[in-house]
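S.K.:
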Amino acid sequence: MESLFYSPFITQDAFSMDLPMKKDDKSTLAPYEARYGVDAVFRGDVELQRHEILHYIRGRLEAKYIHRVWYTQFDGIHTKRDLESIQGHSALSFCNKIFPIFLFSDRISSSNRTLGPLIHIAVLNYIHQVYFKPYRTDIEYDQFLAKLLRLDSIALLDNSSAARVGLVLNRAICTKGDRALLDADIPGRKHYSIRPLFRALSVVIRQSDYPSCGVVSDISQLPVFLVLTGSTDGLHSDIHSEIDLLKDVSESISLGPAQGFRTTLGTVTALIMRLQEREDGISGPKPDPVELPNNPKIHKHLYVLEQFQAEKMGWGKRPLKGPSSQWVDTHKYPIWTGEGARTDVLRACLDATSTEHAMVCKYPCL
């Protein structure tokens with residue numbers, strides 16, 4: 003079984019994607035793969051240059067990251083009671099994420115039973131697309147923009163009630179997650195933590211906000227609630243100056259001492275990314291990618307299979323030194339190629355879920 007420490011691959015970066023992304027197989031072949039063949043490169047039948055090996059290994063890590071983005075966001079927590087199951091390793095899925103998204107799903111009708119999962123994967127695709135930058139995103143230690151939780155059979159709630167549930171769930175997750183991390187025997191645990199913005203913010207999406215699958219055509223306009231929990235633990239700047247900008251374009255919700263706003267997924271995603279960029283500018287990114295090259299204990303676990311693969315390809319015995327976001331020379335590789343570019347599990351999952359929903363949809367609008 004793959005080590006939970008060895009396989010921490012999620013991302014950290016901004017909206018723009020400078021590198022063209024092509025999905026058909028031929029266009030995603032790196033020059034050395036086109037020259038020698040993908041299988042020959044993988045087997046180590048040919049000796050590659052240093053820049054080719056680093057490009058190949060980064061592509062392998064990107065492919066793992068994309069798969070982990072997919073399956074770590076569907077962890078079986080579908081009721082509030084399931085939150086009690088957060089223990090040890092399961093707490094890692096909440097770590098190094100910037101904010102939680104709670105998706106309330108009503109599973110009464112056959113159409114609704116497939117609509118919730120469809121919105122779930124559509125939101126995940128959107129978050130991934132605006133967050134991940136080929137070659138340049140820090141993908142170690144499960145870094146990602148959001149943690150999605152789909153909670154089934156939540157009764158239809160008014161605005162204040164929905165926002166309040168998001169507040170309560172956030173606090174419960176942080177409390178359980180902190181306790182589980184303290185008790186867990188996880189290598190590299192110091193690089194995993196529940197981020198300060200995660201504690202400070204929640205995003206809530208109600209069933210009534212996606213009455214049909216038509217919202218998938220522009221998921222950035224999906225209505226959401228942004229909930230401020232009141233927590234400022236670990237924050238290095240006042241987030242309210244940015245949050246106040248929402249007041250002119252959003253509906254405010256009163257939650258007693260806490261605050262809530264009715265806005266869109268695209269607006270809240272852009273806002274939270276700006277907040278995190280400001281935090282990183284003050285205190286530095288967490289986990290710190292600069293620490294990776296200077297810690298031999300990290301290398302022993304983090305790139306163990308990649309080290310073996312690199313040695314097969316002519317790398318020699320010198321250790322691979324992260325972060326992998328510094329490995330690829332984009333002058334030599336201006337187009338996104340390699341195994342990461344060929345991995346399309348998120349789009350494939352969205353297509354399959356769309357097809358399943360279309361079979362029972364009362365409003366065939368996809």
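Each residue of the sequence shown is one higher than the one before, starting from 3 at the first, in the working numbering.
Every residue gets a Cβ at the ideal spot worked out from N, C-alpha and C, and that includes glycine.
(1) How do the region 199–211 and the region 160–177 stand: do at least 3 beta-carbon pairs fall below 8 Å, yes or no?
(2) What residues are listed by DSSP as bridge partners for Q131?
(3) Sort S95, V43, Q51, G61 by Cα distance to W72 and report the nearest one.
(4) Just to confirm, are S327 and D27 a CB contact at a threshold of 8 Å?
(5) Determine the DSSP secondary structure at P325, reduced to helix, strand or coil.
(6) If you draw a straight line from the C-alpha of H238 to the C-alpha of G232, how long is it?
(7) Rounding to the nearest angstrom, what Cα-Cα distance links R197 and I100 in this structure?
(8) How far does the alpha helix (DSSP H) with R52 in it reach, from first residue to last?
(9) My output table needs one value for A32: the three-state DSSP class, helix, strand or coil.
(10) Can you tell me whether DSSP reads I255 as helix, strand or coil?
(11) Three Cβ pairs or more, each shorter than 8 Å: is that satisfied between the region 341–356 and the region 56–64?
(12) Hey, out of L120, L56, P102, R45, whose CA is closest to D353's CA?
(13) Inspect the CB distances between the region 34–42 and the region 307–323 and report whether three or more fall short of 8 Å.
(14) In its own chain, which residues sit with a C-beta less than 6 Å from the C-beta of V48, not counting the 5 before and 5 after it?
(15) Got a sec? Which residues, its chain only, sit under 7 Å from D331 by beta carbon, not counting five neighbours each side?
(16) Within 10 Å of its beta-carbon, does R181 have 16 or more other beta-carbons around it, so buried, or fewer, so exposed?
(17) So, under 8 Å CB-CB, A32 and H69 are touching, yes? Tell me the CB distance rounded to an integer number of Å.
(18) Please name the residue, chosen from H122, G179, P136, E142, that lies closest to D84 on a Cα-to-Cα basis.
(19) According to DSSP, is I196 part of a helix, a strand, or is it coil?
(20) Quick check: the Cα distance between H359 and L117, rounded to an integer number of angstroms?
M.R.: Based on what the coordinates show:
(1) yes
(2) Taking the first residue of the sequence shown as 1, we reach residue 131 at position 129. BP columns for Q131 are empty, so no partner.
(3) Working through the sequence shown from its first residue, we reach residue 72 at position 70. Among S95, V43, Q51, G61, the Cα nearest to that of W72 belongs to S95.
(4) Numbered from 1 along the sequence shown, position 325 holds the residue referred to as residue 327. Numbered from 1 along the sequence shown, position 25 holds the residue referred to as residue 27. Contact flag unset, no.
(5) What you label residue 325 is simply residue 323 of the sequence shown in a count that begins at 1. In the structure shown, P325 sits in coil (DSSP, three-state: anything other than H, G, I, E or B).
(6) The residue labelled residue 238 in the question sits at position 236 within the sequence shown. The residue labelled residue 232 in the question sits at position 230 within the sequence shown. Distance between the alpha carbons of H238 and G232: 15 Å.
(7) By 1-based counting over the sequence shown, the position of residue 197 is 195. By 1-based counting over the sequence shown, the position of residue 100 is 98. Roughly 6 Å separates the two Cα atoms.
(8) Here residue 52 corresponds to residue number 50 of the sequence shown, with the count starting at 1. From DSSP, the alpha helix (DSSP H) with R52 extends over 52–73.
(9) For the purposes of this step, residue 32 is taken as residue 30 along the sequence shown, with counting starting at 1. Three-state result, A32: coil.
(10) Counting from 1 along the sequence shown, the entry for residue 255 is found at position 253. Correct three-state label for I255: strand.
(11) yes
(12) Your numbering for residue 353 matches position 351 in the sequence shown. Closest option to D353, Cα to Cα, is L120.
(13) no
(14) The residue given as residue 48 occupies position 46 in the sequence shown. Correct list, in chain order: Y38, A42.
(15) To locate residue 331, count along the sequence shown from 1; it is residue 329. So the list reads H53, once near-sequence residues are dropped.
(16) The count along the sequence shown starts at 1 and reaches residue 181 at position 179. Answer is exposed; the Cβ neighbour count stays below 16.
(17) In the sequence shown, the residue the question calls residue 32 occupies position 30. In the sequence shown, the residue the question calls residue 69 occupies position 67. With a Cβ gap of about 20 Å, A32 and H69 do not count as contacting.
(18) In the sequence shown, residue 84 corresponds to position 82, counting from 1. Comparing Cα-Cα distances from D84 to each of H122, G179, P136, E142, the minimum goes to G179.
(19) For the purposes of this step, residue 196 is taken as the residue at position 194 of the sequence shown. Of the three classes helix, strand and coil, the one that applies to I196 here is coil, per DSSP.
(20) Here residue 359 refers to the residue found at position 357 of the sequence shown. Here residue 117 refers to the residue found at position 115 of the sequence shown. The straight-line gap from Cα to Cα measures roughly 6 Å.
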